[in-house]
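Visitor: Using our numbering, the first residue of the sequence shown is number -4, and each one after it goes up by one. All C-beta atoms, glycine included, are put in the ideal place defined by N, C-alpha and C.
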Amino acid sequence: MNTTLEIKEYTYNDYLKTDDEKRYELIGGNLIMVPAPNTEHQNVSKIIEMSLYNFVLKNKLGDVYNAPIDVYFDDKNLVQPDILFIAQDNMSIIKKKGIFGSPDVLVEIISPSSRNRDLYTKKDLYQLFKIKEYWIVDPINKSVDILKLGDDGVYKVHSSSSLNDEEQEDKNVYSGVVQGFSINLTEIFNRTFD
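The structure is reproduced here in structure tokens:
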């Protein structure tokens, strides 16, 4: 007996038909359920978003959004990053139903269930769609890596810091895209949760 499994490749239209109130991302035609984040994740997200938003607003640089918001790259790739920044000259990608195009900065806060996807799959996806800067925030290791897209289209570490690295004196990370913006890791990871 020959059994063939049909593997469905999902599209944006399939994504729009999901009606179970769960959060999904669409990566390479694969529909991926995204569980609700925990309180530590939400606290870290809130601190980064508020700091970035206040800086962007004060300097009239663009706009900042947080999850859940759809970022549509193409018919088979749609993500819901934790935080995103869109520069003033890129605001045309903001539509009523979400973001249709490549934001300037995307921030992902790693959780145990998203670690590999955030570190590898999304990094490759964001590089492919020319996201200028990708922040990888790791609450477990209390670290932040900021990757900036080079002229060759490949991410390179622009700024990196960890509270666990005792030899590293500077506990700030610096954006290469949001000029003048930096944030201290002790501010980001200011609370612990049981």
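By Cβ distance, which residues of its chain are closer than 8 Å to V149, with the 5 residues on each side in sequence left out?
Guide: For this step, residue 149 is matched to residue 154 along the sequence shown. Result list for V149: Q122, in chain order.
Visitor: For S40, which three-state DSSP category applies?
Guide: Your numbering for residue 40 matches position 45 in the sequence shown. S40 falls in the helix class under three-state DSSP.
Visitor: If I measure Cβ to Cβ from N61 and keep anything under 6 Å in the same chain, skipping five residues before and after, which residues do I get?
Guide: As a first step, residue 61 must be located in the sequence shown, where it is residue number 66. E44 and I78.
Visitor: Can you tell me whether E103 is buried or exposed, with buried defined as 16 or more other CB within 10 angstroms of its CB?
Guide: Residue mapping note: residue 103 aligns to position 108 of the sequence shown, counting from 1. The residue in question, E103, is buried, as its Cβ has 16 or more Cβ neighbours within 10 Å.
Visitor: L56 lies in the alpha helix (DSSP H); which residues open and close that run?
Guide: Here residue 56 corresponds to residue number 61 of the sequence shown, with the count starting at 1. That residue, L56, is in no alpha helix (DSSP H); it is neither H nor E in DSSP.
Visitor: Would you check if there are 3 or more beta carbon pairs closer than 8 Å linking the region 42 to 57 to the region 3 to 21?
Guide: no
Visitor: Leaving out five residues before and five after P107 in sequence, what residues of the same chain have Cβ atoms less than 8 Å from its Cβ?
Guide: As a first step, residue 107 must be located in the sequence shown, where it is residue number 112. Contacts found: I135.
Visitor: Exposed or buried, what is E128 when buried is set at 16 or more other beta-carbons lying within 10 Å of its beta-carbon?
Guide: Residue numbering aside, residue 128 sits at position 133 when the sequence shown is read from its first letter. E128 comes out buried.
Visitor: Here's the rule I'm using: 16 or more other beta-carbon atoms within 10 Å means buried, otherwise exposed. How should F184 be labelled?
Guide: Walking along the sequence shown from the start, residue 184 turns up at place 189. Label assigned to F184: buried.
Visitor: Identify which residue in D58, I105, L101 and R110 has its Cα closest to the Cα of M86.
Guide: As a first step, residue 86 is located in the sequence shown; it is residue number 91 there, counting from the start. Residue D58 is the option with its Cα nearest to M86.
Visitor: For K12, which of helix, strand or coil comes out of DSSP?
Guide: Position 17 of the sequence shown, counted from the first residue, corresponds to residue 12. Helix.
Visitor: Return the chain-ordered list of same chain residues with a C-beta closer than 6 Å to the C-beta of T187, the five sequence neighbours on each side being excluded.
Guide: Here residue 187 refers to the residue found at position 192 of the sequence shown. Counting only Cβ-Cβ distances below 6 Å, and skipping sequence neighbours, we find nothing.
Visitor: Measuring CA to CA, which of L144, S154 and K17 is closest to D119?
Guide: Stepping through the sequence shown from its first residue, residue 119 is reached at position 124. Answer by Cα proximity: L144.
Visitor: Do you know how far the Cα of I126 is from the Cα of I22?
Guide: In the sequence shown, counting from the first residue as 1, residue 22 sits at position 27. In the sequence shown, counting from the first residue as 1, residue 126 sits at position 131. Each residue's alpha carbon lies about 15 Å from the other.
Visitor: List the endpoints of the continuous alpha helix (DSSP H) containing D119.
Guide: Position 124 of the sequence shown holds residue 119. Where D119 is concerned, the enclosing alpha helix (DSSP H) stretches over K117 to L123.
Visitor: Which parts of the region 71 to 133 are runs of the alpha helix (DSSP H), unbroken and 4 residues or longer, counting only runs that do not cross its ends?
Guide: 117 to 123
Visitor: Tell me which residues share the same chain as S155 and place their Cβ nearer than 8 Å to its Cβ, disregarding the 5 neighbours each side in the sequence.
Guide: Within the sequence shown, numbered from 1, the residue matching residue 155 stands at position 160. Only S138, V139, D140, I141 and V168 meet the Cβ criterion.
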